[in-house]
Amino acid sequence: MVDNEKRENLANARRKLKKFRDQQQQQQNGDDDLTFTTETNGTDVLSLDGTSSEPIINYNNTSRTIPQDVTTFVNEQQAIINGIHVNLTKSPVLELESGRSSQTQSDVDFARQIENKFRRDLEHLQEQLEIHVQTIGILVAEKTDLSAKLSQSIKQLERRQKDMDEVQGRLKASRERVDELEKQTQNSTFNAQKREMAVKESDKEIDRLKTENIRQSQMIEDLKQNLNELDGKFNNRQNIIDQLNNEIIKLKQKLEQSEIRLEQFQSINDPSIANKYELHIEELQRTVALKTNELNK
Numbered sequence: 030m031v032d033n034e035k036r037e038n039l040a041n042a043r044r045k046l047k048k049f050r051d052q053q054q055q056q057q058n059g060d061d062d063l064t065f066t067t068e069t070n071g072t073d074v075l076s077l078d079g080t081s082s083e084p085i086i087n088y089n090n091t092s093r094t095i096p097q098d099v100t101t102f103v104n105e106q107q108a109i110i111n112g113i114h115v116n117l118t119k120s121p122v123l124e125l126e127s128g129r130s131s132q133t134q135s136d137v138d139f140a141r142q143i144e145n146k147f148r149r150d151l152e153h154l155q156e157q158l159e160i161h162v163q164t165i166g167i168l169v170a171e172k173t174d175l176s177a178k179l180s181q182s183i184k185q186l187e188r189r190q191k192d193m194d195e196v197q198g199r200l201k202a203s204r205e206r207v208d209e210l211e212k213q214t215q216n217s218t219f220n221a222q223k224r225e226m227a228v229k230e231s232d233k234e235i236d237r238l239k240t241e242n243i244r245q246s247q248m249i250e251d252l253k254q255n256l257n258e259l260d261g262k263f264n265n266r267q268n269i270i271d272q273l274n275n276e277i278i279k280l281k282q283k284l285e286q287s288e289i290r291l292e293q294f295q296s297i298n299d300p301s302i303a304n305k306y307e308l309h310i311e312e313l314q315r316t317v318a319l320k321t322n323e324l325n326k
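All the letters of the sequence shown, read from the start, carry residue numbers 30 to 326 under this note's numbering.
The following block contains the structure:
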């Protein structure tokens, strides 16, 4: 609401200034044939066509810039108006009235016309000064308001900058943490790959050992079977050996008995019986030798 009112006041002041300039321009175009020059302090010049020389006033330049010191600007404008009042007090009308006896009526009318134009110019200048003062006041108010808003904006910007710095700090810390986690992840991935390779190698070794175990188990089964067969053969062989040993023992007993009998028959001088027992003993000896050889095999 306040900003809209300020903008409307500024727009109204500018419209008034433009209207005044247009009126002044129209008046200048209509009064080009009427010119009067007044010297003030030997240097300042004001013409009757409504225009002023640069040493007196330059409203065009003044209207385009905002003075840094409003009080100084207003005092300068007031001094110009006061100078115009002084010029009016020294106008040719008073001089003509003081010497009316020697002046013609046409000169008096011309002087009054000039004085009226001065007064109109003065009114226009006062109106223009008032418009300038209003415009400057509005601009100064706007400048003050904008300065306050700028100060608030700067404070907000500083707060936001502080918040942004804090966020950037957190972001930097987060990025560092992310980098650290990425490194840990890479290391974990590398270690996992190494463990996976080790597991694969272990699986291969386990498979190889399983195969070897199966082969060894088969060999053990074969060996057990062979051992059982050998045990059977050994038992058979042992039975044969025991049988042969028994036969050898029996043959040896028979041989001993035959030798004893042979000695008995030799003592009684019976050659036929002795020869018979000698043959029997030789046969028994051969049988014992064969059995012994068979046992050794």
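Cβ atoms here follow ideal geometry from the backbone N, Cα and C, with glycine treated the same way.
### Task
Consult DSSP for T316 and reduce its assignment to one of helix, strand or coil.
Sequence index remark: in the sequence shown, residue 316 carries index 287 (1-based). Assignment of T316 by DSSP, reduced to helix, strand and coil, places it in the helix class.
### Task
To the nearest angstrom, report how far apart Q181 and R189 are at their CA atoms.
The residue you call residue 181 lines up with position 152 of the sequence shown. The residue you call residue 189 lines up with position 160 of the sequence shown. When only Cα atoms are considered, Q181 and R189 end up about 12 Å apart.
### Task
Under the assumption that L280 contacts L313 (Cβ atoms under 8 Å), give the Cβ distance between them as a whole number of angstroms.
If you number the sequence shown from 1, residue 280 lands on position 251. If you number the sequence shown from 1, residue 313 lands on position 284. L280 to L313, Cβ: 6 Å. Contact.
### Query
From K146 to T133, what does the alpha carbon distance come to, in whole angstroms?
By one-based count along the sequence shown, residue 146 stands at place 117. By one-based count along the sequence shown, residue 133 stands at place 104. Approximately 20 Å, taken between the alpha carbons.
### Task
Please determine, among N322, M248 and H309, the residue with the shortest C-alpha to C-alpha distance to Q286.
Along the sequence shown, read from residue 1 onward, the residue named residue 286 stands at position 257. Residue H309 is the option with its Cα nearest to Q286.
### Task
Taking 8 Å as the threshold, find out whether the segment 313-323 comes into contact with the segment 261-277 through three or more Cβ pairs.
Taking 8 Å as the limit for Cβ pairs, the verdict is that the segment 261-277 does touch the segment 313-323.
### Task
For A140, count neighbouring C-beta atoms within 10 Å of its own C-beta (all shown protein chains included) and say buried if the count is 16 or more, exposed if not.
As a working mapping, residue 140 is identified with position 111 in the sequence shown. Note on A140: 16 or more other CB atoms within 10 angstroms of its CB, so buried under the neighbour-count rule.
### Query
Cα separation between K283 and N264?
Translated into the one-based positions of the sequence shown, residue 283 becomes position 254. Translated into the one-based positions of the sequence shown, residue 264 becomes position 235. C-alpha of K283 to C-alpha of N264: approximately 28 Å in a straight line.
### Query
Can you tell me whether DSSP reads R93 as helix, strand or coil?
Walking along the sequence shown from the start, residue 93 turns up at place 64. Confidence is the limiting factor: at R93 the pLDDT is only 39, short of 50, which leaves the residue's position unreliable and the question unanswerable from this model.
### Per-residue DSSP class, three states only, for T133
Position 104 of the sequence shown, counting from 1, holds the residue named residue 133. Residue state, collapsed to three classes: coil.
### Message
Rounded to the nearest angstrom, what separates N220 and I235 at their Cα positions?
### Response
If you number the sequence shown from 1, residue 220 lands on position 191. If you number the sequence shown from 1, residue 235 lands on position 206. Going by C-alpha positions, N220 is about 22 Å away from I235.
### Message
In whole angstroms, give me the CA-to-CA distance for T214 and D194.
### Response
For the purposes of this step, residue 214 is identified with residue 185 of the sequence shown, where counting begins at 1. For the purposes of this step, residue 194 is identified with residue 165 of the sequence shown, where counting begins at 1. Each residue's Cα considered, the two are about 29 Å apart.
### Query
Exposed or buried, I243, counting other C-beta atoms within 10 Å across all chains shown (16 or more means buried)?
The count along the sequence shown starts at 1 and reaches residue 243 at position 214. That one is exposed.
### Message
At the level of alpha carbons, what is the spacing between K305 and Q293?
### Response
In the sequence shown, the residue the question calls residue 305 occupies position 276. In the sequence shown, the residue the question calls residue 293 occupies position 264. Across the structure, K305 and Q293 are spaced so that their CA atoms are roughly 13 Å apart.
### Query
With burial defined as no fewer than 16 other Cβ atoms inside 10 Å of the residue's Cβ, what is the status of Q254: buried or exposed?
Along the sequence shown, one-based indexing puts residue 254 at 225. Q254 is exposed by the Cβ-count criterion.
### Task
For I289, count neighbouring C-beta atoms within 10 Å of its own C-beta (all shown protein chains included) and say buried if the count is 16 or more, exposed if not.
On the sequence shown, residue 289 is found 260 positions in, with the first residue counted as 1. In the assembly as shown, I289 is an exposed residue. Its beta-carbon has fewer than 16 other beta-carbons within 10 Å.
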